[in-house]
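Protein chains in written order, with this note's numbering: chain A, 20 to 286; chain B, -3 to 246; chain C, -3 to 246; chain D, 138 to 356; chain E, -14 to 209.
Down below is the structure, laid out as structure tokens.
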Amino acid sequence: GSDAQTDKVKTSASSSASAIEQIKQRGKLRVAVFSDKPPFGYVDQNGKNQGYDVYFAHRLAKDLLGDENAVEFVLTEAAARIEVLEADKVDITLANFTVTPERKEKVDFAAPYMKVALGVVSPTGEPVTDVSQLKGKKLIVNKGTTAETYFAKNYPDIELLKYDQNTEAFQALKDGRGAALAHDNTLVFAWARENPGFTVGITKLGDLDTIAPAVKKGNTELLNWVNDEVTKLGAENFFHKDFETTLLPAYGDSVKPDDVVVEGGKL
Amino acid sequence: MKETEKILLEVHKLKKNYGNKEILHGIDFSVHRGEVVVLLGPSGCGKSTFLRCLNGLEEIQSGSILLDGSIISDGKAEWYAIRQKIGMVFQSYDLFPHMTVIENILLGPLKAQKRKKNEVEKQAAELLERVGLLDRKDDYPAQLSGGQKQRVAIVRALCMNPEIMLFDEVTASLDPEMVREVLDVMKELAQQGMTMLIVTHEMNFARSVADRIVFIDEGCIVEESEPEQFFTAPQTERAQRFLDIFSYEN
Amino acid sequence: MKETEKILLEVHKLKKNYGNKEILHGIDFSVHRGEVVVLLGPSGCGKSTFLRCLNGLEEIQSGSILLDGSIISDGKAEWYAIRQKIGMVFQSYDLFPHMTVIENILLGPLKAQKRKKNEVEKQAAELLERVGLLDRKDDYPAQLSGGQKQRVAIVRALCMNPEIMLFDEVTASLDPEMVREVLDVMKELAQQGMTMLIVTHEMNFARSVADRIVFIDEGCIVEESEPEQFFTAPQTERAQRFLDIFSYEN
Amino acid sequence: MDQSFIAASIPLYIKAAGLTLNLAFWGVLLSLFVGAVCAVIGYFRIPVLCRIMQVYIELSRNTPLLIQLFFLYYGFAKIGIKFEAYTCAIGGLAFLGGSYMAEALRAGIESVGKIQIESGLSIGLTRWQLMRYIVLPQALAVAVPAIAANVIFLLKETSVVSAIALADLMFVAKDLIGMYYRTSEALLLLVGAYLILLLPLSLFFRYLERRLRNVGLGN
Amino acid sequence: MSDWGINVIFQGQNFLRLLEGLGVSMRIAVVSVLISSVCGIFLGLLMTSRYVAVRSLCRSYLEAVRIVPLLVWLFVFYFELTKVLHLQLPAEFVADIVFSIWGTAEMGDLVRGAVTSLPAHQRESGLAVGLTRWQVYRYVILPQAVRRLLPSAINLVTRMIKTTSLVVLIGVVEVLKIGQQIIEVSILKVPTASFWVYAIIFFLYFIICWPISLWAKHLEKRWQ
Ligand SMILES: Nc1ncnc2c1ncn2[C@@H]1O[C@H](COP(=O)(O)OP(=O)(O)OP(=O)(O)O)[C@@H](O)[C@H]1O
Ligand SMILES: Nc1ncnc2c1ncn2[C@@H]1O[C@H](COP(=O)(O)OP(=O)(O)OP(=O)(O)O)[C@@H](O)[C@H]1O
Ligand SMILES: [Mg+2]
Ligand SMILES: [Mg+2]
């Protein structure tokens, strides 16, 4: 895990040098990923990075450097996803990074490779089927997720219980600490299937959000390259393959690929 | 002059061990009401231990202690009640540093004896006046000199109206001038008829205040006599050797 | 008897303040080689302060101190080097508690004077032998009695081969017997011709050991005289009052 | 720096500071209580309780608060005892702080001279009165620096409660960063908030410590 | 269900990974404790300086470190420093630095406390046997101060070990994060994994910190 940071003390090369040249010189593409958000970015029981984002990262490395293992994963936390770019710790962030206007001010998003909608899961006995039912109740969300941003912005009067870890959020739902839990609908579906007694009362909420790779603000060279890459990969239906390899085993048939996958950067 | 008829404190065959070491080897001893007894003896002979036993600060292994005719050493008596009748002043300034002079003095009478506040305050003021410290009553111990602290400690003990007062080298850590202040207070007490048991190394004071000198060595009472006799012609060779230390001619 | 021709330590118009308060008001004073001077005076008169100035532990405000003819108080001399010629023993047992007796003694000679280990060890053994503590050389200070500690402290100072020794009430916190042990050591030193400056409250000792008595009151030297004269017929009324404290007749 | 963002966030921080203070206050109070109970148990060497206390102290001092909280929050819910996050937070702080306070007080009590206890006894105080009037007041005074350090430690340690969804200062800062990525602003506000909470406290304790030293308690 | 939970720990490399994570925590703790001890002693001595300016400078450092949360220090050193100075420091190195800065401040305060609690006459006796000021510190003050500050210093060490879990914010993965990774991977299949994993981590911390506490108690007794 932490060996991702073996580079010695050095000053980053002047920004005038070509960004892609730099990567090639280094021989490694540095990508920020999550380490604890299966099935998108996580570390498996053998200590290897896995997931939808990671699969994509390997492909990027292969196309840029000719070796799918020429990638250095920098494990990150939600709160540090932009900082790692700004401080030049990584070249690309692939960490389930939802595109929002605020974030666009800080980083440059490439074309999306995934989309999510929110789902709300609640106990079967007291199902929440409409957001209005949540007034005056507690809704469980995860810090730094789309669900949090969405409810904070659109329903400021719903009290949010915010957890760091997905497991903790779901555990809290089980313990009855909130009336419902809002998260990416993919995860919510999968979880409800494994946990009898809970249903996804709201399956789609709000606008469809897109998830895209991000690069440092102003790094147009790399941005353009990633955009081209996403378009190119669309031609070969790459993300469907990604889906089958990484998401399908986790979600089973509760989620249809076209609910999640974006090919060629086009919704 | 003094009423010495009635025995106030009596000790029979008192033995005291620390661990396996016997420190007091069966002491027989008594003090009459109004009597002033000075205990002398080399360092480590057991004087402090003896006083502490009388006050229940140390458990005794055998023997008995009687106060006013009733046994207090049988484990049945409540020491905290008995201690209200026995005042004790130690060598180290033992005032409670977090309380003012007057609070130090009132603590025992109010909390242990549950007496009325006005009455005790009046008595405390009188006693402080007598030792010349009434104006310092709201000071903290840290603001007092060693001699002043010891005078307050004496007042604190007196304010409990004890039947007997025990003094354990109360001047040993004082500067010479202060020694004098404190001894003067004790002397006055003696003259007013307080029953006192005093451990001291001030030979001149011992000689002038004592009704009786008790000389202890290695946990036994070796000699008991009138002060004049003890200081001019001690009966035992040990006492003689002891007295020699204090006369520095060379 | 003693060679008192040469002045070893000289003090001119020494003034010392603590904050705004002047403690020593221009002291003029000297000690000849081999002389034993005892400083007497009531508590707080400035005796300790004076000794501490001589050893550079306190900065002085004006005046000068000369050791062996050369000025040491001008801020140019290195005190740590001068202190190697001036031994000092304090009232509080000042041994280093984390070192054994012998380590305490060797510290100065080895680290400050950088002398050879064998030589210093030999000298330390001799000195310890003389104060009767050779067998305790590997004990820690906590295992010693107060008197033993003070004897070690004296040996520690002596082992630096000082030209003069300063003693500040070294027996004040000791039991009577221990007082005797320590005074005997000092007396022997005096007889061997060590130059000494002693602050003490042991009047009998002062009388028997001193070549000269210096009486200080309120930061001034009030009287200087031979011991016999001082104790039998002091010239000033202040000295008389001071001496009265020590004779307890009442 | 985005000033409008800072202005908009200040109310959030004020509210969070309130929670932080609230948690710290009750946490410290309970810690002191737990610490005092432990100290008294240790002082009187109460047989069985003494052992239990030792186990508690070792457990609480040698494990992280985060995991202690986790077990309080989720673990107890598993066996049917559901504490509110707020209760857990205070409980957790008390569990952790209790052992620190116990150590501070123990050191304080040990510093009260034997002679003080004996003087207390010799004016006829009972053992309980002795504890109440003589030992504890002096022990507290001696322990003030250590207690002060613990108070500040606990106040900062409250940041861990964000793990159980309590919106304390650290929670708000991390949350704002995660949502809006105004990292500098969020952290600046965080430092500002801690400064306002901690600096007066720290200065006050320094003043207290100096005062106590000047009074010269414990001779 | 619950017997599933404990299995999680023995799947694949999980247990080894936890130990590795513990190794990371320990590496940071050991490095920063060593640095803090050395620097803390100097800081502590500076804090007893006779010059008010030196003292208040040290004091400001201490207050600054105490008031600003470690999280912020980590951010500043890892991200801001890079942005401003273009200095790329490895994350674990930054963790070492930040924990050393914090440890030095706390240790310095402990040393100051211990040194000032020594009786003044110890210093004076040292001077009186002709030692230089530095020698007095070296042979007289420090050895005694170290004995006095030991219990609280050990306290600090265990606290530092426990606090290392913060470093995950700059991408250093230590035992707690690995625990969370293991737990999250099992989110759908083994919901009870968290209890077992946390129990193991609880135990791991305890097994590291407890002997240190015991050792400190032992030394404290021996040095009485
Ligand atoms: N708590 C204790 N444990 C073991 N031995 C003790 C204890 N207290 C005193 N002793 C021993 O008991 C003996 C008598 O001590 P005590 O203090 O009674 O002597 P003392 O006559 O008062 O001497 P001093 O004049 O020095 O005060 C000494 O040998 C001492 O070492
Ligand atoms: N560090 C200090 N700061 C301020 N005043 C001091 C300090 N040390 C001593 N003094 C004052 O200086 C005066 C002289 O003190 P010093 O200790 O020299 O007296 P002394 O003659 O040695 O008395 P004693 O016989 O009690 O030892 C006293 O009034 C004392 O209060
Ligand atoms: Mg005694
Ligand atoms: Mg003096």
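Beta carbons: idealized from backbone N, C-alpha and C, even for Gly.
Distances from the CB of B/Cys49 to the heavy atoms of ligand 2 are all 7 Å or more. Separation of the CB atoms of D/Phe232 and D/Ser197 is rounded to 5 Å, and the pair is thereby assigned contact status at 8 Å. The C-beta separation of D/Cys225 from D/Tyr237 comes to about 19 Å, leaving the pair out of contact by the 8 Å criterion. Under DSSP, D/Arg264 forms no beta bridge with any residue. For B/Ser221, the enclosing beta strand (DSSP E) covers residues Cys216 to Ser221. A direct Cα-to-Cα measurement between E/Leu7 and E/Leu189 gives close to 8 Å. One thing to note: A/Val219 has its Cβ within 8 Å of the Cβ of A/Val140.
The CB of D/Leu336 comes closer than 8 Å to the CB of Glu48 and Ile52 in chain E, given here in chain order.
Contacts with chain E at 8 Å (Cβ-Cβ) do not include C/Asn200. Put simply, the backbone Cα of C/Asp134 is about 8 Å away from that of C/Glu99.
Checking the 7 Å criterion, the Cβ of C/Ser169 is out of range of every heavy atom belonging to ligand 3. Here A/Tyr71 is buried: its Cβ has 16 or more other Cβ atoms, across all protein chains shown, within 10 Å.
Interface flag for E/Thr148 against chain A is unset, since no Cβ pair is found closer than 8 Å.
Between the alpha carbons of D/Pro184 and E/Val152 lies a gap of roughly 42 Å.
Under a criterion of Cβ atoms nearer than 7 Å, the residues of chain D adjacent to A/Ala98 are, in order, Lys311, Ile314 and Gly315. Counting every other CB atom within 10 Å of its CB across the protein chains shown gives E/Gln166 a total of 16 or more, marking it as buried.
Bridge partners of E/Gly98 according to DSSP: none are assigned. Contact check for A/Thr148 against A/Ile221 passes: the beta carbons are separated by less than 8 Å. The three-state secondary structure of C/Arg208, taken from DSSP, is strand. The way I'd put it, the stretch 272 to 283 of chain A does touch the stretch 192 to 209 of chain A; three or more beta-carbon pairs between them come closer than 8 Å. Put simply, the stretch 36 to 54 of chain A touches the stretch 236 to 243 of chain A. At least three CB pairs are less than 8 Å apart. Not a single C-beta of chain E is nearer than 8 Å to the C-beta of C/Arg29.
Under the three-pair Cβ rule at 8 Å, the stretch 330 to 347 of chain D counts as touching the stretch 49 to 62 of chain E. Chain order gives the chain E residues near C/Phe86 as His106, Glu109, Ser110 and Ala113, where near means a beta carbon separation below 9 Å. Straight-line measurement puts the Cα of D/Ala173 at about 7 Å from the Cα of D/Leu242. With a beta-carbon spacing of about 19 Å, A/Lys181 and A/Asn204 fall beyond the 8 Å limit used to define contacts. Annotated as distal: C/Phe92 and C/Ile217, with beta-carbon spacing of 8 Å or more. Taken in chain order, the members of the stretch 114 to 140 of chain E whose beta-carbon sits within less than 8 Å of a beta-carbon on chain C are Val114, Gly115, Leu116, Thr117, Arg118, Gln120, Tyr124, Val125, Pro128, Gln129 and Arg132. Annotation: the continuous alpha helix (DSSP H) that includes B/Thr45 extends over Lys43 to Leu50. Put simply, the stretch 3 to 17 of chain E does not touch the stretch 239 to 255 of chain D. Fewer than three CB pairs are less than 8 Å apart. Shown here, A/Gln69 sits in a strand according to DSSP, grouped into three states.
In this structure, ligand 4 has no non-hydrogen atom nearer than 7 Å to the beta-carbon of C/Lys12. Contact note: A/Ala171 reaches chain D through Met316, using a C-beta cutoff of 7 Å and chain order.
With respect to chain C, the C-beta atom of B/Arg48 has no partner C-beta closer than 8 Å. Taking one beta carbon from each stretch, the stretch 228 to 243 of chain B and the stretch 7 to 22 of chain C have fewer than 3 pairs nearer than 8 Å; the two do not touch. The stretch 137 to 151 of chain B makes contact with the stretch 174 to 186 of chain B: 3 or more CB pairs, one atom from each, lie closer than 8 Å.
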